[in-house]
Amino acid sequence: MASSTIENYVKQIYLLEQASDSGMAPMGKLAQSLDITPGTATTMVKALADSGLADYEPRVGVKLSPGGRRLALHVLRRHRLVESFLVKVLDLDWAEVHEEAELLEHVISDKVLDRIDAYLNRPQRDPHGDPIPSPDGTVAAVPSRCLHQVDPVGKYRVIRML
Numbered sequence: 127m128a129s130s131t132i133e134n135y136v137k138q139i140y141l142l143e144q145a146s147d148s149g150m151a152p153m154g155k156l157a158q159s160l161d162i163t164p165g166t167a168t169t170m171v172k173a174l175a176d177s178g179l180a181d182y183e184p185r186v187g188v189k190l191s192p193g194g195r196r197l198a199l200h201v202l203r204r205h206r207l208v209e210s211f212l213v214k215v216l217d218l219d220w221a222e223v224h225e226e227a228e229l230l231e232h233v234i235s236d237k238v239l240d241r242i243d244a245y246l247n248r249p250q251r252d253p254h255g256d257p258i259p260s261p262d263g264t265v266a267a268v269p270s271r272c273l274h275q276v277d278p279v280g281k282y283r284v285i286r287m288l
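Structural data, given as C-alpha cells:
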C-alpha cells in the first residue's frame, strides 16, 4: 500500500499531465501545487522513478508510468467519490469538500468506497463536474469548452468548475 505522500504526488502529477500540452508535469508546477520546495519535489520524483511509478526527465518534467497512472486514478476515484458523498449525503457545501476529501481519500477502504459508489448510484461526475474514474481506471472524456472560447451571445451550460 502506498503512503499518503506517494498518493498525493501521483495524483498531482496525473492532474498536471492532463493540463499540459506536452503530457509531462512540469517540476515547478508540481512543487507549487503541493506547496513544497522544488528540491523536495525533485527528490520525491526521483524516488517515484526508482520505484517504477514515474519517468523523470531533468529540466523537462515527470510523467507517470502505467503503474503510477493506475495508482493516481485509484486515488482520484476515492477523492471524487468522497466529495460526492459529502455533498449529496452529508449536505456539505461543494466549495468546502475538497479539503475533507484530501484527508479521507487516504484512509477509506475499497469496501467502503464500493458501498459509497453503489449508494450514490455510480455517479459519473463529482460535485465540481470532474469525471470520476471507473473501478478499472477508465476516465470518461469531458467534451467541453472554456467560457472564453465560446460566442458571448450563445447559451451554454456550465458542467465543470476548475
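In the numbering used here, each residue's number is its place in the sequence shown (first place is 1) plus 126.
The beta carbon of each residue, even a glycine, is placed where N, CA and C say it ideally should be.
Three-way DSSP call (helix, strand, coil) for residue 136 in this model:
Here residue 136 sits in helix by DSSP.
Would you check if the distance between the CB atom of residue 186 and the CB atom of residue 180 is smaller than 8 Å?
In terms of Cβ geometry, residue 186 and residue 180 do not form a close pair [threshold 8 Å].
Using the Cα positions of residue 191 and residue 279, report the straight-line distance between them to the nearest angstrom.
Each residue's CA atom was taken as its position, placing residue 191 and residue 279 some 44 Å apart.
Here's the rule: buried if 16 or more other CB atoms are within 10 angstroms of the residue's CB, otherwise exposed. What is residue 229?
Exposed, because fewer than 16 other Cβ atoms sit within 10 Å of the Cβ of residue 229.
The stretch 196-213 / the stretch 147-156 touching (three or more Cβ pairs under 8 Å):
Put simply, the stretch 196-213 does not touch the stretch 147-156. Fewer than three CB pairs are less than 8 Å apart.
Grab the span of the alpha helix (DSSP H) containing residue 187 for me, first residue to last.
No alpha helix (DSSP H) holds residue 187; the beta strand (DSSP E) holding it covers 187-190.
Residues that DSSP places opposite residue 181 in a beta bridge
Paired residues: 189.
By how many angstroms is the C-alpha of residue 281 removed from the C-alpha of residue 275?
So the two alpha carbons sit approximately 13 Å from each other.
Shortest alpha-carbon distance to residue 201 belongs to which of 267, 266, 261?
Of the listed residues, the one whose Cα sits closest to residue 201 is 261.
Starting from the N-terminal side, write out each stretch of the alpha helix (DSSP H) that is 4 residues or longer and does not extend beyond the stretch 208-253.
The qualifying runs are 223-230, 236-245.
Using three-state DSSP, classify residue 128 as helix, strand or coil.
Three-state result, residue 128: coil.
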